[in-house]
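Per UniProt numbering, residue 1 is the first one in the sequence shown, and the count goes up by one each step.
The beta carbon of each residue, even a glycine, is placed where N, CA and C say it ideally should be.
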Amino acid sequence: MADATMPSITLHDIAPETFKIMLRFIYEDALPADEEIGDSLIEMMRHLLAAADWYALDRLKVICAQKLCDNLSVDTVADTLACAETYNCQQLRKKCIAFLADEKNLEAAMLSEGFVQLVQQCPSTVVTLKSTLQVMYPDVFHGDDDLDLGDSPTEVLERLLATTDRHALDRLKLMCAQILWDNVSVDTVATTLACAEMYTCPELKHQGIEFFAAKKNFKAVLTKGFVQLGQRFPSIIDELRERVGL
């Protein structure tokens with residue numbers, strides 16, 4: 001029997017259920033059946049992948065990556081690609097990129113909850129996005145000026161919106177506008193509204209004005225972007241004044 005006075009070891013950043021499955025793998029060289037894991041299979045594989053990387057369990061890491069490959073979808077590819085980037089899973093990364101190279105898959109994935117987080121958390125994926133777009137639209141994204149890899153995620157999307165407008169890629173344009181709106185903030189609304197005006201996105205413009213009009217967001221007028229917005233598009237300021245009854 002183990003000594004009751006043996007000091008305990010606290011493991012951080014790993015959930016009990018994840019540790020339980022990892023420990024089972026160490027002793028049995030096998031994972032539970034997918035049915036045992038249940039609906040959380042993909043999420044558990046991501047957690048196990050992180051744990052396997054941390055504890056240098058290379059075989060477990062390969063198995064988790066393969067499970068994630070086998071379960072790629074437009075809803076999971078963004079988060080899975082983030083895992084591949086974070087934990088240096090090159091085969092999984094290639095599989096995700098190949099999946100996104102399909103136009104329908106990329107368009108749907110851009111509207112998933114994980115897509116913007118992917119760009120924000122893994123700046124290197126901007127390179128992946130640019131490369132994929134260059135393959136899909138070689139006549140459009142042929143130079144380095146369309147997407148500046150040093151830009152913030154919001155700036156990348158604004159530049160992408162400009163490119164889609166210039167080349168009449170209407171569906172992609174709508175998607176960019178929606179993602180910009182989903183991530184609007186006091187700091188970004190002015191530049192987003194300027195983009196809406198420049199590239200004829202009426203719904204994005206309307207949403208931007210409504211955002212400004214909310215009292216809790218009115219501090220956006222103190223940003224540098226608002227000053228530039230007023231200088232470039234004074235008509236928008238007039239619309240905003242009318243909206244708030246000034």
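Separation of residue j from residue i, as counted between CA atoms
{"i": "Asp-34", "j": "Asp-58", "result": "20 Å"}
{"i": "Cys-69", "j": "Ala-177", "result": "30 Å"}
{"i": "Leu-149", "j": "Val-156", "result": "Low confidence applies to Leu-149: its pLDDT is 48, below 50, so where it sits in the model is not reliable, and the reading given next is rough at best. Using only the alpha carbons, I get a separation of about 8 Å."}
{"i": "Thr-18", "j": "Arg-243", "result": "52 Å"}
{"i": "Ala-108", "j": "Ala-15", "result": "31 Å"}
{"i": "Leu-160", "j": "Ile-21", "result": "42 Å"}
{"i": "Lys-61", "j": "Asp-238", "result": "57 Å"}
{"i": "Asp-102", "j": "Leu-41", "result": "25 Å"}
{"i": "Ala-56", "j": "Ile-236", "result": "56 Å"}
{"i": "Lys-67", "j": "Met-175", "result": "29 Å"}
{"i": "Ala-98", "j": "Glu-43", "result": "21 Å"}
{"i": "Asp-144", "j": "His-167", "result": "Confidence at Asp-144 is low in this model, with a pLDDT of 48, below 50, so the placement of that residue should be treated as unreliable; the coordinate-derived value is given next. Answer to the nearest angstrom: the Cα atoms are 16 Å apart."}
{"i": "Glu-36", "j": "Lys-95", "result": "26 Å"}
{"i": "Gly-245", "j": "Ala-214", "result": "12 Å"}
{"i": "Lys-205", "j": "Leu-229", "result": "12 Å"}
{"i": "Thr-180", "j": "Ser-73", "result": "The amino acid occupying residue 180 in the given sequence is Leu; Thr does not appear at that position. If you take the alpha carbons of Leu-180 and Ser-73, they lie about 23 Å apart."}
{"i": "Asp-29", "j": "Asp-13", "result": "23 Å"}
{"i": "Asp-39", "j": "Asp-182", "result": "27 Å"}
{"i": "Pro-202", "j": "Asp-170", "result": "13 Å"}
{"i": "Lys-173", "j": "Met-110", "result": "11 Å"}
{"i": "Pro-234", "j": "Glu-210", "result": "17 Å"}
{"i": "Ala-194", "j": "Phe-25", "result": "54 Å"}
Element boundaries [alpha helix (DSSP H), containing residue i]
{"i": "Ser-235", "result": "234 to 244"}
{"i": "Ile-14", "result": "Per DSSP, Ile-14 belongs to no alpha helix (DSSP H) and is neither H nor E."}
{"i": "Pro-32", "result": "Looking at the DSSP string, Pro-32 is not in any alpha helix (DSSP H), and its letter there is neither H nor E."}
{"i": "residue 250", "result": "Lying before the first or after the last residue shown, residue 250 is absent from the chain, which here runs from 1 to 246."}
{"i": "Asn-105", "result": "103 to 109"}
{"i": "Asp-216", "result": "According to the sequence as given, residue 216 is Lys; it is not Asp. Here Lys-216 belongs to no alpha helix (DSSP H), and DSSP marks it neither H nor E."}
{"i": "Leu-41", "result": "41 to 54"}
{"i": "Asp-165", "result": "153 to 166"}
{"i": "Asp-182", "result": "170 to 182"}
{"i": "Thr-191", "result": "189 to 198"}
{"i": "Leu-92", "result": "90 to 100"}
Anticipated Cβ contact below 8 Å, residue i with residue j, distance rounded
{"i": "Thr-192", "j": "Gly-208", "result": "6 Å"}
{"i": "Asp-53", "j": "Tyr-87", "result": "4 Å"}
{"i": "Leu-49", "j": "Cys-83", "result": "6 Å"}
{"i": "Leu-81", "j": "Leu-106", "result": "Rounded, the Cβ-Cβ distance is 12 Å, inconsistent with contact."}
{"i": "Phe-226", "j": "Ala-196", "result": "Not really, about 14 Å apart at Cβ, beyond 8 Å."}
{"i": "Ala-65", "j": "Leu-100", "result": "About 17 Å separates the two Cβ atoms, so there is no contact after all."}
{"i": "Cys-122", "j": "Glu-158", "result": "That belief does not hold up - the Cβ atoms of Cys-122 and Glu-158 are roughly 19 Å apart, past 8 Å."}
Pick from the options that is closest to residue i, judged by C-alpha positions
{"i": "residue 252", "options": "Lys-173, Gly-114 and Ala-194", "result": "Since the first residue shown for the chain is 1 and the last is 246, residue 252 is missing from the structure and cannot be characterised."}
{"i": "Thr-154", "options": "Asp-187, Ala-65 and His-167", "result": "Asp-187"}
{"i": "Ala-51", "options": "Lys-95, Gln-121, Asp-39 and Leu-23", "result": "Leu-23"}
{"i": "Thr-163", "options": "Thr-200, Lys-215, Asp-238 and Pro-234", "result": "Thr-200"}
{"i": "Val-184", "options": "Leu-240, Ile-236 and Asn-217", "result": "Asn-217"}
{"i": "Arg-232", "options": "Glu-85, Met-198, Met-44 and Ala-213", "result": "Met-198"}
{"i": "Asn-71", "options": "Glu-210, Trp-181 and Arg-46", "result": "Arg-46"}
{"i": "Phe-212", "options": "Gly-38, Arg-241, Asp-170 and Pro-234", "result": "Arg-241"}
{"i": "Cys-89", "options": "Met-110, Lys-104 and Ile-63", "result": "Ile-63"}
{"i": "Ser-112", "options": "Phe-25, Ala-78 and Lys-104", "result": "Ala-78"}
Any chain B beta carbon closer than 8 Å to residue i
{"i": "Leu-49", "result": "The chain labelled as chain B is not found in the depicted structure, where only one protein chain is given."}
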